[in-house]
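J.:
Protein chains: 2
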Amino acid sequence: MEDVNKDLNLSVIKAFRLLDTYLNDKQEWGVRELAKKTGYNKTTTYRLLSTLEYLDVVQKNDNDKYILGLKLFELGNLVSIHKSLRSYSRIPLENIAKEIKETVHLGVLRNDQVLYLNKAESPLGLKVSTQIGSYQEAYCTALGKILLAFSSTNQISDYLKNVKLKARTSNTITNSEDLLLELKKVKEKVYALDMEELELGLICIAIPVFNKKKEVIASISVSGPSSRFKPENITSYLSIIKKGALEIEEHISDYN
Amino acid sequence: MEDVNKDLNLSVIKAFRLLDTYLNDKQEWGVRELAKKTGYNKTTTYRLLSTLEYLDVVQKNDNDKYILGLKLFELGNLVSIHKSLRSYSRIPLENIAKEIKETVHLGVLRNDQVLYLNKAESPLGLKVSTQIGSYQEAYCTALGKILLAFSSTNQISDYLKNVKLKARTSNTITNSEDLLLELKKVKEKVYALDMEELELGLICIAIPVFNKKKEVIASISVSGPSSRFKPENITSYLSIIKKGALEIEEHISDYN
DNA sequence: CAAAATCGTTTCATTATACGAAACACTGTT
DNA sequence: AACAGTGTTTCGTATAATGAAACGATTTTG
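Taken in sequence, the protein lines are chains S and L. With UniProt numbering as the guide, the letters of the first sequence map in order to residues 1 to 256. With UniProt numbering as the guide, the letters of the second sequence map in order to residues 1 to 256.
1. Here's the rule: buried if 16 or more other CB atoms are within 10 angstroms of the residue's CB, otherwise exposed. What is residue 219 of chain S?
2. Using 8 Å as the limit for Cβ to Cβ distance, is residue 7 of chain S near chain L?
3. Can the beta-carbon of residue 139 of chain L be found closer than 8 Å to that of residue 173 of chain L?
4. At a cut of 8 Å, does the segment 224-241 of chain S reach the segment 190-203 of chain S through at least three beta carbon pairs?
5. Under 8 Å, with one C-beta from each stretch per pair, do the segment 170-187 of chain S and the segment 139-158 of chain S reach the 3-pair mark?
6. Of all the residues that make up the segment 177-208 of chain L, which are near chain S by a beta-carbon distance shorter than 7 Å?
7. Check whether the Cβ atoms of residue 209 of chain L and residue 249 of chain L sit closer than 8 Å, and answer yes or no.
8. Residues of chain S with CB under 7 Å from residue 57 of chain L, in chain order?
9. Quick check: is the beta carbon of residue 47 of chain L nearer than 8 Å to any beta carbon in chain S?
10. Can you tell which of L:237, L:26, L:48 has its C-alpha closest to the C-alpha of residue 259 of chain S?
11. Could you have a look at residue 169 of chain S and say whether DSSP puts it in helix, strand or coil?
12. From the beta carbon of residue 12 of chain S, is the nearest beta carbon of chain L less than 8 Å away?
13. Give the interface partners of residue 51 of chain S over in chain L, defined as CB-CB distance under 7 Å, in chain order.
14. So what does DSSP say about residue 246 of chain L, is it helix, strand or coil?
15. So residue 118 of chain S packs on residue 106 of chain S, CB below 8 Å; how close in whole Å?
16. Which of the three DSSP states is assigned to residue 209 of chain L in this structure?
17. What is the rounded straight-line gap between the Cα of residue 168 of chain S and the Cα of residue 73 of chain L?
18. Do you know offhand how far residue 62 of chain L's Cα is from residue 82 of chain S's?
19. So if DSSP puts residue 67 of chain S in a beta bridge, which residue, or which two residues, is it bridged to?
20. Ignore the nearest five residues each way along the sequence and tell me which others in residue 240 of chain S's own chain have a CB closer than 7 Å to its CB.
21. Beta-carbon separation of residue 94 of chain L and residue 94 of chain S under 8 Å?
22. Who are the Cβ neighbours of residue 3 of chain L in its own chain at under 7 Å, not counting the five residues just before and after it?
23. Do residue 238 of chain L and residue 217 of chain L come within 8 Å of each other at the CB atom, strictly closer than that value?
24. Quick one: which chain S residues come within Cβ less than 8 Å of residue 31 of chain L?
25. Enumerate in chain order the residues of its own chain whose CB-to-CB distance from residue 115 of chain L is below 7 Å, with the five nearest sequence positions on each side excluded.
26. Per DSSP, residue 194 of chain S is paired with what?
27. Expressed to the nearest angstrom, what Euclidean distance is found between the alpha-carbon atoms of residue 60 of chain L and residue 178 of chain S?
28. Are the Cβ atoms of residue 186 of chain L and residue 146 of chain L separated by less than 8 Å?
29. Is there a Cβ from chain L that is less than 8 Å from the Cβ of residue 134 of chain S?
30. Evaluate residue 89 of chain S with the Cβ neighbour count: other Cβ atoms within 10 Å of its Cβ, from every protein chain shown; 16 or more gives buried, anything less gives exposed.
31. Exposed or buried, residue 246 of chain L, counting other C-beta atoms within 10 Å across all chains shown (16 or more means buried)?
32. For residue 124 of chain S, I'd like the list of residues in its chain whose CB is within less than 7 Å of its CB, leaving aside the five on either flank, ordered along the chain.
33. Could you tell me which uninterrupted alpha helix (DSSP H) segments, each at least 4 residues in length, are contained entirely in the segment 100-177 of chain S, listed from first to last along the chain?
34. Whose C-beta lies closer than 7 Å to the C-beta of residue 65 of chain L among residues of the same chain, with five residues either side of it excluded?
35. Below 7 Å on C-beta distance, what does residue 175 of chain L contact in chain S?
36. Drop a sphere of 10 angstroms on the beta-carbon of residue 76 of chain L, count the other beta-carbons inside from all chains shown, and report buried for 16 or more, exposed for fewer.
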């Protein structure tokens, strides 16, 4: 933990810690429930929630529980970071998803993790579904392997210093040397696979998106259940994803 | 203004007032600049911004100005309100935009205004571009006319009590009786037009989206410049938009 | 190239306000 | 009827937010 010496506003921090609680796969929370989860006093929690409700940041649903409000939707849509990448990727991702019939993601590296910037979901019932704006470990995802593989050697060694390669499944690469070897292969082949390394039954394939200076600015992946994702599909999948990546690259300026 | 007697947390309110400032079509702000705009002391503003930066709610860009941060992107994507409508409308909206080559919007009524839930932009250079999550007056937009026209008479009269019909252009309907007549016609024809009533040179056409109980739950509009938007197109546009509306309606449950 | 203007940042004394235990009102359950 | 679960209000206390002034660092101006 960094030493944060600036005198920060503790109420504001608490308010956002309350909102962060909604990241735990739970859409509605009561006052006492949130207080217990965050460790805050229930009176404090009540007052913060009242304030956030007044600001439209949260609102009560039919069960009188608090849910995230439309102010966050409004502000979230105003965020300019990666905006062009997010908007220009929309149609290409949809095209890939339509053709392959699996879920497609666009991601970038941020603080040693993969940040999901956009997605297009599989039309099928059994599908991968990720939250846009959420984060995932890089070393056990196809997106992350691409983004790491095309990072500088310094960045990669920093990554290995910062991140513990925890086994998510029996297939997860948990050894630094193995990961370096894998990244080398990924960079050579210009595509990455995740063979049930994050989650059993989940297979992904990813390729890089380049800017006009040939730097990797993002990665596109296709994810599906192992039951549908066969080795013989890889070649055809790759050509479809590459077509989508090219569509994005045409819109991208040098730096972004 | 309502009398808000609960003791709300003033720091949290200030923090979100700072964030609200970004709604004014300006992506980056300095400390003194934000302080001046909001009327807060510059030291207070500085400390609040430091706190928000610590929380990843804002971040500094290359010019050392503050921009909205990825925490807002993350939380905004977590908002569950109208989520199914937003996700299921994505592909139908894209299809309409692709076919008509104009920008398409999906909106609902909220606090007497139109809330834009989703959009698909025209592929052309000259196009309408609206912020998702933002609000617009209902009486001078095609979306708003549809949503008002299919509201109850009570809701409509409440609307007329609350809202002042300000002239946005020389074509804007500024008279309650005229608006009521217009809404009656809209409901009969089951589509609404905005003939440069919000902005000169901007024409829109909208239709309702029904749930399985035949209630209007949203509206779809197509917007384009008057130079391209010809009366003879209306019939063909309507059939294309209706096709999209049907695609959405198939996915929608009874109430949402 | 010096002077002035502007920027973000820190200091410190003061005052406002966030705080929390306890009591409360309300609801649904046992 | 008793109980356990909500969200909400009260009130005295202590903490934390406040802002004028000074600061150092850039950038702009003459």
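Cβ coordinates follow ideal geometry from the N, Cα and C atoms, glycine included.
T.: Straight from the coordinates:
1. So residue 219 of chain S ends up on the buried side.
2. It does; some Cβ of chain L falls within 8 Å.
3. For the pair residue 139 of chain L and residue 173 of chain L, the CB atoms are nearer than the 8 Å cut-off.
4. Cβ pair count under 8 Å is three or more, so yes.
5. Yes: at least three Cβ pairs fall under 8 Å.
6. From the segment 177-208 of chain L, no residue has a Cβ closer than 7 Å to chain S.
7. Cβ atoms of residue 209 of chain L and residue 249 of chain L: closer than 8 Å.
8. Correct list: 16.
9. At least one chain S Cβ lies under 8 Å of residue 47 of chain L.
10. The first residue shown for chain S is 1 and the last is 256, placing residue 259 of chain S beyond what the model contains.
11. Note: residue 169 of chain S maps to coil in three-state DSSP.
12. Yes, its Cβ sits closer than 8 Å to a Cβ of chain L.
13. Neighbours of residue 51 of chain S on chain L, chain order: 8, 9, 12, 13.
14. Looking at residue 246 of chain L - three-state DSSP - the assignment turns out to be helix.
15. Taking a contact as a CB-CB distance under 8 Å, the pair residue 118 of chain S and residue 106 of chain S counts as one, their CB atoms being some 4 Å apart.
16. The answer is strand: DSSP assigns residue 209 of chain L an E or B state.
17. Approximately 27 Å between the Cα atoms of the pair.
18. Inter-residue distance for residue 62 of chain L and residue 82 of chain S is about 14 Å (C-alpha atoms, whole angstroms).
19. DSSP lists S:59 as partners of residue 67 of chain S.
20. Result list for residue 240 of chain S: 96, 99, 100, in chain order.
21. Yes, these two residues count as a Cβ contact at 8 Å.
22. Model confidence at residue 3 of chain L stands at a pLDDT of 43, short of 50, so the residue's coordinates are unreliable; what they give is reported in the following sentence. Result list for residue 3 of chain L: empty, nothing under 7 Å.
23. Inclusion of residue 217 of chain L and residue 238 of chain L in the CB contact set at 8 Å is not warranted, their separation being larger than that value.
24. Under the 8 Å cutoff, chain S gives no residues; its nearest Cβ is about 13 Å from residue 31 of chain L.
25. Within the same chain, residue 115 of chain L has close Cβ partners 107, 108, 135.
26. In DSSP, residue 194 of chain S forms a bridge with S:204.
27. The alpha-carbon atoms of residue 60 of chain L and residue 178 of chain S are separated by roughly 37 Å.
28. Their beta carbons are under 8 Å apart, which means residue 186 of chain L touches residue 146 of chain L by this criterion.
29. Residue 134 of chain S counts as touching chain L.
30. Note on residue 89 of chain S: 16 or more other CB atoms within 10 angstroms of its CB, so buried under the neighbour-count rule.
31. Exposed: under 16 other Cβ atoms inside 10 Å.
32. Setting aside the 5 residues that flank it on each side, residue 124 of chain S is surrounded in the same chain by 101, each with a C-beta closer than 7 Å to its C-beta; the list follows chain order.
33. Scanning the segment 100-177 of chain S from its first residue to its last, the whole alpha helix (DSSP H) runs of 4-plus residues come out as 142-149, 153-162.
34. By the criterion of a C-beta distance shorter than 7 Å, residue 65 of chain L is surrounded in its chain by 28, 29, 30, once the five residues flanking it on both sides are discounted.
35. Those within 7 Å of residue 175 of chain L in chain S number zero; the least Cβ separation is about 31 Å.
36. Residue 76 of chain L sits buried, since 16 or more C-beta atoms from the chains shown fall within 10 Å of its C-beta.
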